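There are 2 protein chains.
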Amino acid sequence: MARPKSEDKRNAILDAATRLFAERGLTAAPTSEISKQAGVAEGTLFTYFKTKDDLINALYREIKLELADTMMSDFPRKKNIRAKLRHVWDRYVNWGIANSRQRKVLAQLTVSEVLTKVSRDAGSAPFVEFQIMIRDAIEQRVFRNDVPVELISKSLSALVEATIDLTVSNRSKAKQYRDSGFQMFWAGITK
Amino acid sequence: MARPKSEDKRNAILDAATRLFAERGLTAAPTSEISKQAGVAEGTLFTYFKTKDDLINALYREIKLELADTMMSDFPRKKNIRAKLRHVWDRYVNWGIANSRQRKVLAQLTVSEVLTKVSRDAGSAPFVEFQIMIRDAIEQRVFRNDVPVELISKSLSALVEATIDLTVSNRSKAKQYRDSGFQMFWAGITK
DNA sequence: TGCATAATTGAGTATGCACTCGGTAATAGA
DNA sequence: TCTATTACCGAGTGCATACTCAATTATGCA
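In order, the protein sequences belong to chains A and B. Position 48 (the first sequence) corresponds to 48 in my numbering; numbering is contiguous. Position 121 (the second sequence) corresponds to 1121 in my numbering; numbering is contiguous.
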């Protein structure tokens, strides 16, 4: 390998893309602008990502991985289900508030047509541990028995998103939203 | 007015746009293709909508209005809160399942950068009656007192969306999802 | 130190697309 | 029936932009 690619440049490109996608949207952000903001020539962008769609798919996986990492770090494996869920809940909410650009981009990416199935699968892979926890809880009959498994994880993220939206538009109520959001979630799934 | 615009043509354009946006995404659907599928010349599209962004904004308002109509028609004004919410819930879920294209487009439009604030406001206007109902319920202390008003309507739509997603990927469980989704919502907000 | 290999550059290219415009056809009103 | 007005048409235009490529530079390895 004569001259290695630089991890820094790759990250710079991904960062610039995040910024521009959040501000202008996926298609209104040209590769020329992305590379300029990343401090590299436009041609260089294409040695790191074969096409723009490639870049988009890579960015999706990157953000999902980052989210999963923050959610699962310091995971309280020894504590009860409620504490585990609360941990995940808080981490997710905080991440969303602190990373509004990535969250905005993620929202665009999720509904976009350029995401491949492979990327979608890769994006949900880091969340397996979380899924397993839910299944365990179901077996231990902690939850109401008429709630389907899939509905629990789906509604967790749905309610977290709603909570973040509200917090962003009214920061002073951050704590209140985070608390009552979770209580609502918990009351919904338990007996 | 020498020659009036045709309501039919306008609708045909909006329909074609819905189909193409759902299949290919907002920007990957060219006006040439939209007009072709609508059975009009490309120039005609621009007499009905000044720009493509105009068309997108109009489509957003159209879909939101349609959704609000189906949710609020036959609204049981005489019944109790639970029945009212259940009515809205069922209508929303059924609409989402039956109109997956419009729902997909709505998801894209909501996160898109071309939507003006005016359009967003116009889009939520038809839902005022629903908002009023929530406020009334709060005053009557039907809900848990630590749940903020805003969280209720937000989480209703969040949970409905989650329910629809699940139903679409497993139609045979439609009834189960719709029921337990609502029960979960109801359990979450009431004491 | 020198060579092979690959990254880097940015001007250039080809394509796709939103929108225009001059000509034509339809319709309301007189 | 005549006229003014406006919808309708679609080939054409100009611009934006994803991607290429030949020349140049940096790096690992012998």
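In this text, a Cβ means the ideal position worked out from N, Cα and C, and glycines have one as well. Just so it is clear, the structure is predicted and the values come from calculations on it, not from any experiment.
Proximity below 7 Å, CB of residue i to CB of residue j
i	j	result
residue 10 of chain A	residue 48 of chain A	yes
residue 158 of chain A	residue 1187 of chain B	no
residue 1068 of chain B	residue 1126 of chain B	yes
residue 13 of chain A	residue 29 of chain A	no
residue 81 of chain A	residue 142 of chain A	yes
residue 111 of chain A	residue 1107 of chain B	yes
residue 1150 of chain B	residue 166 of chain A	yes
residue 102 of chain A	residue 56 of chain A	no
residue 1093 of chain B	residue 1138 of chain B	no
residue 105 of chain A	residue 22 of chain A	yes
residue 1020 of chain B	residue 1007 of chain B	no
Delimiting residues of the alpha helix (DSSP H) encompassing residue i
i	result
residue 1046 of chain B	1042 to 1048
residue 1163 of chain B	1149 to 1169
residue 1114 of chain B	Unbroken run through residue 1114 of chain B: none, as it is neither H nor E.
residue 1173 of chain B	Neither: residue 1173 of chain B is in no alpha helix (DSSP H) and is coded neither H nor E.
residue 1127 of chain B	That residue, residue 1127 of chain B, is in no alpha helix (DSSP H); it is neither H nor E in DSSP.
residue 1190 of chain B	That residue, residue 1190 of chain B, is in no alpha helix (DSSP H); it is neither H nor E in DSSP.
residue 1094 of chain B	1081 to 1098
residue 21 of chain A	7 to 24
residue 1037 of chain B	1031 to 1038
residue 145 of chain A	Premise fails: residue 145 of chain A is in no alpha helix (DSSP H) and is neither H nor E.
residue 78 of chain A	Neither: residue 78 of chain A is in no alpha helix (DSSP H) and is coded neither H nor E.
residue 1027 of chain B	Note, residue 1027 of chain B: premise wrong, no alpha helix (DSSP H); not H, not E.
residue 192 of chain A	The first residue shown for chain A is 1 and the last is 191, placing residue 192 of chain A beyond what the model contains.
Nearest-angstrom Cα separation, counted from residue j out to residue i
i	j	result
residue 1145 of chain B	residue 180 of chain A	10 Å
residue 1090 of chain B	residue 1024 of chain B	29 Å
residue 132 of chain A	residue 88 of chain A	13 Å
residue 1134 of chain B	residue 1153 of chain B	8 Å
residue 1147 of chain B	residue 1189 of chain B	7 Å
residue 1078 of chain B	residue 77 of chain A	50 Å
residue 45 of chain A	residue 1017 of chain B	33 Å
residue 174 of chain A	residue 75 of chain A	22 Å
residue 50 of chain A	residue 171 of chain A	40 Å
residue 218 of chain A	residue 86 of chain A	In the structure displayed, chain A extends from 1 to 191; residue 218 of chain A sits before or after that span and is not available.
residue 31 of chain A	residue 1176 of chain B	46 Å
residue 1123 of chain B	residue 1191 of chain B	32 Å
residue 26 of chain A	residue 41 of chain A	20 Å
residue 116 of chain A	residue 52 of chain A	13 Å
residue 1121 of chain B	residue 1071 of chain B	18 Å
residue 96 of chain A	residue 36 of chain A	27 Å
residue 184 of chain A	residue 1005 of chain B	50 Å
residue 198 of chain A	residue 169 of chain A	Absent from the model: residue 198 of chain A. The displayed extent of chain A is 1 to 191, so no value can be given.
Residue i CB to nearest heavy atom of the ligand MG below 6 Å
i	result
residue 159 of chain A	Ligands displayed in this structure: none; no statement on the ligand MG is therefore possible.
Tell me which residues of the region 148 to 169 of chain A have at least one Cβ-Cβ distance to chain B shorter than 7 Å, keeping chain order.
Listed by position, the residues of the region 148 to 169 of chain A near chain B (Cβ gap below 7 Å) are 148, 150, 151, 154, 155, 158, 159, 161, 162, 165 and 166.
Interface residues of the region 104 to 136 of chain A facing chain B [CB-CB below 8 Å]:
104, 107, 108, 111, 112, 113 and 114
Taking beta-carbon pairs under 9 Å, can you tell me which members of the region 169 to 188 of chain A lie near chain B?
Only 169, 170, 173, 176, 177, 179, 180, 181, 183, 184, 185, 186, 187 and 188 from the region 169 to 188 of chain A bring a Cβ to less than 9 Å from some Cβ of chain B.
Residues of the region 2 to 26 of chain A whose Cβ lies closer than 7 Å to any Cβ of chain B, in chain order:
So the list reads 24 and 25, given in the order they occur along the chain.
Against chain B: residues of the region 26 to 37 of chain A by CB proximity under 9 Å
26, 27 and 28
Check distances from the C-beta atoms of the region 48 to 66 of chain A to those of chain B and list, in chain order, the residues that come in under 7 Å.
none
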